[in-house]
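Asks: One structure, pasted below without further comment.
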Amino acid sequence: MRLAQKLRLLLLISRWRFWLYLAGTYLIGYTSSASSCHSFEDWRFWLNIGYFTLPANLLLYGINDLFDSDTDTINPKKATKEVLLDETKRKIVLQSLPFLALISIAILVIQTSAAASITMMVFLILTICYSTPPIRLKARPFLDSASNSLYACPLIIGYAQNTGKLPGVEIIAAAIFWTSAMHLLSAIPDINSDKAALLKTSATQLGTSGSLLVCAILWASCCAFLWHNRLLLPFSYLAAIYPLIPFMLLIFRKERLIEKVYWYYPILNGAAGFIVFLLEVSKICHVSA
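Going by the numbering used here, the letters in the sequence shown line up with residues 123 to 411, in that order.
In structure tokens:
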């Protein structure tokens, strides 16, 4: 396989559609805690946000695909939206892991505070333990969704990079609820293939209706935290669309609709994140002026 083909393969495995779930949350955390426009001149900011694009996602999803052959072979989305690894592709992913490990260690070393360093270590531990036996958190109902809080880690790292401390408990809780709900929703289309592979997940245990209900509750709780702290009001009221979507899906209960809606979430999340980013940047510019 040529170098260009290998790079294209690694790009596909990294799920480029979902890069914003790591890089975007880091950007929000960093921007919300930046004191001025000069904060974006910090070289660590650029290295961190670069890491949370291809390297971090390739590490996460590459490890996931290496240990998911039992379910991937019978999961229809692997034939269309994602990549099913054969022996040649597995070798390419394995060859990339040492480089990804070195990059990850380098990113850990450049963190400037204990809060950011510890959160980065938590991110790496969850990234590895999510799919890797014997821990394999993705095969442990309810721990699978809870461990998806790894997606909240970049936000915390970005915040701690500027402040040297963790964000408030309610902000962390809101981020964990949001990421847990996102994981649970993404697992619903995989219920049949996971059951066929005898893989127990939160979604297989709760079923479609139960999973949608829990998603709605988690996102509603996230909204409650945001509104209680009066964060980005009145714009944060738009976050109500998140619990509303699974609630509406629960009413209509069409399997194909659920899967179709899931693939539109990167657009919704990207739009929501962009609005938050613009609001935070406007605050920084106002202070700088």
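Just so you know, even glycine gets a beta-carbon here, dropped at the ideal spot from N, CA and C.
1) On the premise that A145 lies in contact with T175, defined as a C-beta separation below 8 Å, what is that separation, rounded to the nearest angstrom?
2) If you scan the region 249-300 from start to end, which runs of the alpha helix (DSSP H) of 4 or more residues do you find wholly inside it?
3) Would you grab the beta carbon distance between I135 and G184 for me? Rounded to a whole angstrom, and I think it's under 8 Å.
4) Among the candidates T147, I363 and I293, whose CA atom is the shortest distance from the CA of N351?
5) Excluding the 5 residues preceding and the 5 following A309 in the sequence, name in chain order all residues of the same chain whose CB lies nearer than 6 Å to its CB.
6) Should L340 and W300 be called a contact, given that it needs their Cβ atoms to be closer than 9 Å?
7) Give the DSSP-derived three-state secondary structure of T323 in the structure shown.
8) Assuming A261 and L216 make a contact with CB atoms under 8 Å, what is their CB distance in whole Å?
9) When burial is assigned at 16 or more other CB atoms within 10 Å of the CB, is S271 buried or exposed?
10) To which residues of the same chain is I171 closer than 8 Å at the C-beta, ignoring the five residues directly before and after it?
11) Find the nearest neighbour of E209 within the set F221, L219 and S191, judged by alpha-carbon distance.
12) Just the C-alpha distance for C344 and T254, rounded to the nearest angstrom, thanks.
13) If you draw a straight line from the alpha carbon of K287 to that of S331, how long is it in whole angstroms?
14) Spatial neighbours of L180 within its chain, please: CB distance less than 7 Å, with the 5 preceding and 5 following residues excluded, ordered by chain position.
Replies: In this structure, then:
1) 5 Å
2) 265-268 and 275-285
3) 6 Å
4) Checked all of T147, I363 and I293; the closest Cα to N351 is I293.
5) T323 and A325
6) yes
7) coil
8) The pair is not a contact, with the Cβ atoms about 21 Å apart (cut-off 8 Å).
9) buried
10) A145, Y148, L149 and Y152
11) S191
12) 29 Å
13) For K287 and S331, the distance between alpha carbons rounds to 39 Å.
14) Within the same chain, L132, I135, S136, S218 and L222 come within 7 Å of L180 by CB-CB distance, once the 5 residues on both sides are set aside.
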